[in-house]
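What follows is a single structure, written as structure tokens, with notes after it.
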Amino acid sequence: MTGYIIRRILALIPVLLGVSFLVFLILYLAPGDPALIILGPKANATSLAQLRHDLGLDQPFLIQYLRWLWRVLQGDWGRSIQLKREVLPLILTRFQATAYLTLFSALLAILFGIPAGIISATHQYSLLDRVSMVGILIGFSMPVFWLGILLQIFFSIYLGILPVSGMQSPNQQGFPDLLRHLVLPSMALATGAAVIIARMTRSSMLEVMQQDYIRTARAKGQIERLVIYRHALRNALIPIVTVIGLQVGYLLGGDILVEIVFSWPGIGLLMMNGIMARDFPLVQGAILLVASSYVVINLIVDILYSYLDPRIHYQ
Amino acid sequence: MKLRNWSWLAILVMLGLVVAACSSTAASEGGSTIVVGLQAEPVTLDAQQMSDYNSTRAGRNIFDALLHFKDESTDVEPALAESWDISPDGRVYTFHLRQGVKFHDGTDFNADAVVFSYERQIDPNHPYHDTGEFAYADFTFSMVDKIEKVDDFTVRISLKEPFAPFLANMAMHSATIVSPTAVEKYGRDFSKNPVGTGPFKFVSWTPGVEIVLEKNPDYWGGAPSVDKVIYRPIIDDQARLNELEAGSVDFIVNIPPDDLARLKADTRFTTVEQPGMHTWYVVFNCQKAPFDDVRVRQAVNYAIDRQAIIEGILQNTGTLANSPLPPVLWSYTFDVQSYEFNQEKAKQLLAEAGYPDGLSINFWVPTSGSGMQQPVAMGQAIQADLKKVGVDAKIETFEWGTYLDKTIVEDAQTLPEIFQMSWVGDNGDPDNFLYILLSGDQYPPNGFNLGHCKDDAVDKILREARTTLDQAKRTELYVQAQKMLVEDAFWVPIDHETQIVVMKNSIKNFKLHPTGDFRFRDVLVEP
Chain E
8 MTGYIIRRIL ALIPVLLGVS FLVFLILYLA PGDPALIILG PKANATSLAQ LRHDLGLDQP
68 FLIQYLRWLW RVLQGDWGRS IQLKREVLPL ILTRFQATAY LTLFSALLAI LFGIPAGIIS
128 ATHQYSLLDR VSMVGILIGF SMPVFWLGIL LQIFFSIYLG ILPVSGMQSP NQQGFPDLLR
188 HLVLPSMALA TGAAVIIARM TRSSMLEVMQ QDYIRTARAK GQIERLVIYR HALRNALIPI
248 VTVIGLQVGY LLGGDILVEI VFSWPGIGLL MMNGIMARDF PLVQGAILLV ASSYVVINLI
308 VDILYSYLDP RIHYQ
Chain Y
279 MKLRNWSWLA ILVMLGLVVA ACSSTAASEG GSTIVVGLQA EPVTLDAQQM SDYNSTRAGR
339 NIFDALLHFK DESTDVEPAL AESWDISPDG RVYTFHLRQG VKFHDGTDFN ADAVVFSYER
399 QIDPNHPYHD TGEFAYADFT FSMVDKIEKV DDFTVRISLK EPFAPFLANM AMHSATIVSP
459 TAVEKYGRDF SKNPVGTGPF KFVSWTPGVE IVLEKNPDYW GGAPSVDKVI YRPIIDDQAR
519 LNELEAGSVD FIVNIPPDDL ARLKADTRFT TVEQPGMHTW YVVFNCQKAP FDDVRVRQAV
579 NYAIDRQAII EGILQNTGTL ANSPLPPVLW SYTFDVQSYE FNQEKAKQLL AEAGYPDGLS
639 INFWVPTSGS GMQQPVAMGQ AIQADLKKVG VDAKIETFEW GTYLDKTIVE DAQTLPEIFQ
699 MSWVGDNGDP DNFLYILLSG DQYPPNGFNL GHCKDDAVDK ILREARTTLD QAKRTELYVQ
759 AQKMLVEDAF WVPIDHETQI VVMKNSIKNF KLHPTGDFRF RDVLVEP
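So the protein sequences, as listed, match chains E and Y.
Start counting the first sequence at 8; every next residue gets the next number (my numbering).
Start counting the second sequence at 279; every next residue gets the next number (my numbering).
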């Protein structure tokens, strides 16, 4: 197992090289001149040329890429062209914000998605099943930015119990304050994820409940709760864990709409602004981080498989 | 009962959240604080490097320049310079500096600081030149030949040639004075550790969260009454409005037009509006048929129902533009040819110009952009109006970065026949609109006459106006230039965007400034 994990982590290197090369190439080919974006139309040609030179933008593509790569290998992630800050601390702080949001919404999504899926499956075609499936359909169809605004209006303006947006209140710090700010964006994000998890749970549970060993368990006189949790759910979990892993991986890239509506200082928004400003070092750094996190999440999911189903081995 | 474990866990977590959420309600601030909701995170707090509203709105309060724009106007008044003399030939400006002023870090303000602040931006060999990118350095100082310290409190600036807007430039954010000690200490990080002499001092910047300023009790012009100003980036317009209504933000910009009427009627809030130093316009490519012909340009001016765009799309958050110059600037005149909405006249002019059956053109539109208001919707309205007079405009949209790259070009043949642009004034001088945007000397890449349009008679007037020091004489020249330019119809000026802010009505005495800066020095907060 340890050997497997090490090999998977080593496999990150070519993946990240490929990703960074592609992103660099796309940004390089995209029209739009970072120097012009920084200095704006009010600068003259000499200043623009000087800045292009200072930023190394007058070099050929390959030289630019290799230079960047060489520096990153030495631990220098460069400076954001637009925000004039060191890239590494910037993306780490932003990634941390996104990670809070991801973990919290994943938690909410799991806590609601899995039970909803189980209820639907164990009460197939009952009123409860139909209600929860309709709820899922509504949740799935709701645009996340719109849901976010509705949540703000209801919880922050009407009830006045939660902050509208942002990650912390002015002059406040600490976990309770963060938690208060996490609730609404997480609810907005978790809705979509919970729906996917619930649907997957339902179909996976329905399949497992047909299996012979479930009938055997019931025949033994096992009480229904144990049949569902001990025998059915664990076996049904593999596709559910896959879906959760995909969702978490996706959310770690930062959901731009939720970050905009809730002014959440996450990595998605940072990347989007970076792309708009052709901020090569920033976008490169952020994508490396996000791509790594995606690979790591996938690895965790694979390891979970073998824990859930001992028949799965990795060598 | 079957789902007891899961449900209990879920309920416990939710209860925990509710308790956590409700137990710590927003702490009340000590002293008077204004929380401002900005559109996005400022890029820099070094005023000399600023080129966007969010940065100037947050950071301009930290700094002073030698001169200061008066409230609600772009006339200048003394600030860090108590007085100044101009040589009779208009080339040498001598500034007499205010004495006894200190930067927030305790450094003395003097002639050395002034020379440092300017040389840092314009001299590539200055030891601190590489501590930033100075977007406005060319604009502000391109006419400067020499900057000299005469004595500790006198600075002499010589220009290459007489340049009337120079004094206005000396009040701009790019001409603010920074603490040399702080630049030496922080280097490139000065932009997040700004030190000036202004009415507010920098306290902290938590990226993505807030920027905190506190009052400078020793401010030379009298300490502000507000103790603290906090700027929060709130990107979404609706969310920013929700913050105001929830009471967690005191002051917001960019109000969704749909909500404006409701907010104005709400007694909890005060709305402050001012026509901005801004013009939104459609550029004609004068180097290509058909818009090398003034009749076709005029026809398009008649064909567009600008009032309908302002009412329907902009919901009156702009005022009709009759001239390239916004009405807040001195020398603005109403006495110009007016292009009322008249599609018959447009068709007639097109026929005269040899296009009785209409024509097809390309029309470039950015998807968004600084000062561009609602480019796509406005573009579609223009397209529909043109269609009615037989002009088939094919819209092509670009993302803003790409758009700037494609429209600011040396070769006009790569441009489409028409495209959109907007301009926000910098120093409040008419030269900053008319000369820079419409003179034949200002073709890109060194200027912003993007349509490559030229009228030699106008150029002569504009050149004279920028070297004449007498403001009455200049006004005369600019009035004349506006009349001629409107007749030349190098653009279709559409509107001047109105600046609108909404604040809690406990905030008193706030005045908007044409530059878009937020000035909190004279603001009071009632308990």
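Note that the Cβ used here is the ideal one computed from N, Cα and C, for glycine as well.
This one's a predicted model, so the numbers in the text were calculated from it and none came from an experiment.
- For the options Gly794/Y, Asp800/Y, Leu747/Y, Gly410/Y, the alpha carbon positioned closest to that of Glu551/Y is the one of Gly794/Y.
- With contacts defined as CB atoms closer than 7 Å, Thr100/E and Gly273/E fail to qualify as a contacting pair.
- The three-state reading of DSSP puts Phe68/E in helix, counting H, G and I together.
- Taking the C-beta atoms as reference points, Gly636/Y is found nearer than 7 Å to Val669/Y.
- Setting aside the 5 residues that flank it on each side, Asp367/Y is surrounded in the same chain by Pro440, each with a C-beta closer than 7 Å to its C-beta; the list follows chain order.
- Each residue's CA atom was taken as its position, placing Pro170/E and Val473/Y some 32 Å apart.
- Between the stretch 223-234 of chain E and the stretch 139-146 of chain E there are fewer than three C-beta pairs closer than 8 Å, too few to call the two in contact.
- The beta carbon of Gln229/E does not come within 7 Å of any beta carbon belonging to chain Y, so the residue lies off that interface.
- Taking all protein chains shown into account, Ala37/E has fewer than 16 neighbouring C-beta atoms within 10 Å of its C-beta and is therefore exposed.
- Counting other Cβ atoms within 10 Å of its Cβ, Ser469/Y reaches 16 or more and is therefore classed as buried.
- When the five nearest sequence neighbours on each side are left out, the beta carbons in the same chain lying within less than 6 Å of the beta carbon of Ala128/E are those of Arg209, Met212, Leu213, in order along the chain.
- In this structure, the beta-carbon distance from Leu244/E to Leu315/E falls below 7 Å.
- In this structure Val303/E is not in contact with Gly252/E, their Cβ atoms being roughly 10 Å apart against a cut-off of 8 Å.
- Of all alpha-carbon atoms in Pro320/Y, Tyr406/Y, Arg510/Y, the one lying nearest the alpha-carbon of Ser270/E is that of Arg510/Y.
- Interface annotation for the stretch 382-396 of chain Y against chain E: empty, criterion Cβ-Cβ distance under 8 Å.
- Between the alpha carbons of Val490/Y and Ala205/E lies a distance of about 44 Å.
- Around the beta carbon of Ile13/E, fewer than 16 other beta carbons sit within 10 angstroms, so the residue counts as exposed.
- Counting along the chain, the unbroken beta strand (DSSP E) around Asn640/Y starts and ends at 637-644.
- Along the stretch 326-355 of chain Y, going in chain order, the ones with a CB nearer than 9 Å to a CB of chain E are Gln327, Ser329, Asp330.
- Taking C-beta separations shorter than 6 Å and ignoring five residues to either side along the sequence, the partners of Gln175/E in its chain run Asp184, following chain order.
- Comparing C-alpha distances from Gly486/Y to each of Trp642/Y, Trp498/Y, Ile513/Y shows the shortest one belongs to Ile513/Y.
- Taking CB atoms only, Ser139/E has no neighbour in chain Y less than 7 Å away.
- Positions of the alpha helix (DSSP H) runs, each at least 4 residues long and wholly inside the stretch 515-578 of chain Y, are given as 515-524, 535-543 in order along the chain.
- Exposure of Pro21/E is indicated by the presence of fewer than 16 other C-beta atoms within 10 angstroms of its C-beta.
- Chain E places a beta carbon closer than 7 Å to that of Glu411/Y, counting this residue as a contact.
- Among the bridge pairs identified by DSSP, Pro356/Y is matched with Leu345/Y.
- Not one beta carbon of chain E lies nearer than 7 Å to the beta carbon of Asp571/Y.
- Under the DSSP assignment, Arg14/E falls in the alpha helix (DSSP H) whose first and last residues are 9-17.
- Listed along the chain, the chain E residues whose CB falls inside 8 Å of the CB of Glu589/Y amount to none; the nearest CB is some 26 Å away.
- Put simply, the CB of Val250/E is far from chain Y, with every gap to its CB atoms at 7 Å or more.
- Residue-level contact check: Asp219/E does not touch chain Y, since none of the beta carbons of chain Y fall below 7 Å from its beta carbon.
- Under the Cβ criterion of 7 Å, Leu32/E is not counted among the residues facing chain Y.
- Val234/E sits buried, since 16 or more C-beta atoms from the chains shown fall within 10 Å of its C-beta.
- Residues of chain Y with a Cβ closer than 9 Å to the Cβ of Asn242/E do not exist; the shortest Cβ-Cβ separation is about 17 Å.
- If you draw a 10 Å sphere on the C-beta of Val255/E, you find 16 or more other C-beta atoms in it, and that means buried.
- Around Pro443/Y, the same chain offers Asn705, Asp707, Asp709, Asn710, Arg744 as residues with beta carbons nearer than 7 Å, after the five sequence neighbours per side are excluded.
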